[in-house]
DNA sequence: TGACATAGTACGCGTCACAAACTATATTGT
DNA sequence: ACAATATAGTTTGTGACGCGTACTATGTCA
């Protein structure tokens with residue numbers, strides 16, 4: 374027989390599934406669109422971060438939650454395609470600043486437009502009030 | 374000057390960012406917990422699918438949206454660890470059914486418990502009413 | 001100046017994903 | 001019945017990605 378506690382647990386479990394499945398859904402969209410422009414998900418995330426910032430290799434590692442040695446290859450591949458460029462710091466010659474090139478910014482514009490379009494097809498299942506409500510709640514979850 | 378249209382576009386863009394960032398947040402949790410049990414995100418997803426189903430290699434490829442050649446290695450690595458097993462079909466000897474072993478089910482229980490715990494820390498930022506509301510909206514987005 | 005710390009790279013390893021070629025087993029048309 | 005075709009899965013080769021370790025170059029501090 375199911376009491377209130379069981380019902381609660383049940384609800385929490387599907388809450389978990391909901392968030393997890395939603396994340397897979399969104400990642401699937403990112404993956405598909407990225408593939409069209411030969412961008413991996415990590416690269417999409419990279420450009421999302423570098424879009425309006427100029428960071429060092431180490432800062433990128435922290436933002437992305439990766440080891441610094443992983444950043445070397447990531448940036449090198451993007452640099453080879455002319456999407457970002459490395460610039461040595463004047464004040465500290467150990468430090469390298471990474472900057473998105475004009476070509477990179479152009480690609481970001483196109484791809485983020487595509488992502489926006491596809492994400493909208495997901496959120497089309499909600500009406501305006503629901504969408505606003507969802508957005509407010511999602512914002513709360515993201516904070517910090 | 375900002376009219377209603379601009380406001381709308383603005384809202385849609387942050388809606389996109391909200392969903393995308395939320396997905397990265399959840400994937401980060403999955404990644405961290407998976408690492409503790411030497412499970413990649415794709416393996417977590419695999420076990421989420423195989424948890425209460427027994428599928429063929431080809432069906433797995435379709436569920437995961439991967440090429441069938443990618444499944445071979447994925448299942449082989451899991452099989453090597455004793456988490457799943459391959460079983461030839463009697464009716465069609467080309468077909469291989471994949472089944473989670475008892476050890477696999479045990480791991481699934483532990484890991485999904487951990488995931489549930491961590492996801493709950495995310496949703497702790499919402500009160501009960503908000504959480505219920507968010508869940509209902511997320512369910513709508515996932516459908517199909 | 002010499003010891004230590006920090007930023008970044010190089011290298012080797014394993015996972016993951018793809019495409020193309022291949023094997024083995026069905027299915028279909030005649 | 002049997003040749004042509006289709007299907008399920010594996011193999012192989014390639015590349016991206018992520019880690020840990022070792023290394024180089026530069027900065028800091030005692």
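Chains as they are written, first to last, in our numbering: chain A, 374 to 517; chain B, 374 to 517.
Virtual Cβ for every residue (Gly too), placed ideally from N, Cα, C.
Please read all numbers here as calculations on a predicted model, not as lab measurements.
- Residues of chain B with a Cβ closer than 7 Å to the Cβ of residue 515 (chain A) are, in chain order, 391, 394, 395 and 398.
- Here the alpha carbons of residue 423 (chain A) and residue 414 (chain A) stand approximately 14 Å from one another.
- Residue environment for residue 431 (chain A): exposed (fewer than 16 other C-beta atoms within 10 angstroms of its C-beta).
- In the DSSP annotation of this structure, the continuous segment of the beta strand (DSSP E) that includes residue 460 (chain A) starts and ends at 457–461.
- In this structure residue 464 (chain A) is exposed. Its beta-carbon is surrounded by fewer than 16 other beta-carbon atoms within 10 angstroms.
- Between the stretch 469–482 of chain B and the stretch 442–460 of chain B there are three or more C-beta pairs closer than 8 Å, enough to call the two in contact.
- Residues of chain A whose Cβ lies closer than 7 Å to the Cβ of residue 473 (chain B) do not exist, since the nearest Cβ in that chain is about 18 Å away.
- Going by beta carbons, residue 393 (chain A) and residue 391 (chain B) fall outside the 9 Å limit.
- Taking residue 492 (chain B) as reference, the option from B:426, B:508, B:480 and B:502 with the minimal CA-CA separation is B:508.
- CA-CA distance, residue 445 (chain B) to residue 453 (chain B), rounds to 12 Å.
- Annotation for residue 483 (chain A): the continuous alpha helix (DSSP H) segment containing it runs 475–496.
- Interface residue (Cβ-Cβ distance to chain B less than 9 Å): residue 441 (chain A) is not classified as such.
- Looking at the DSSP output, residue 472 (chain A) sits in a beta bridge with A:458.
- Between residue 407 (chain A) and chain B, the shortest Cβ-Cβ separation is not below 9 Å.
- For residue 445 (chain B), no CB of chain A lies under 9 Å from its own CB, so it is not counted at the interface with that chain.
- Proximity of residue 495 (chain A) to chain B, defined by a Cβ-Cβ separation below 9 Å, is satisfied.
- Around residue 484 (chain A), the same chain offers 406, 407, 410, 412, 417 and 420 as residues with beta carbons nearer than 8 Å, after the five sequence neighbours per side are excluded.
- Within the same chain, no residue comes within 7 Å of residue 401 (chain B) by CB-CB distance, once the 5 residues on both sides are set aside.
- In the DSSP assignment, residue 421 (chain A) falls within the unbroken alpha helix (DSSP H) covering 414–423.
- At least one C-beta of chain A is nearer than 9 Å to the C-beta of residue 499 (chain B).
- DSSP places residue 439 (chain B) in the coil class of the three-state scheme, outside both helix and strand.
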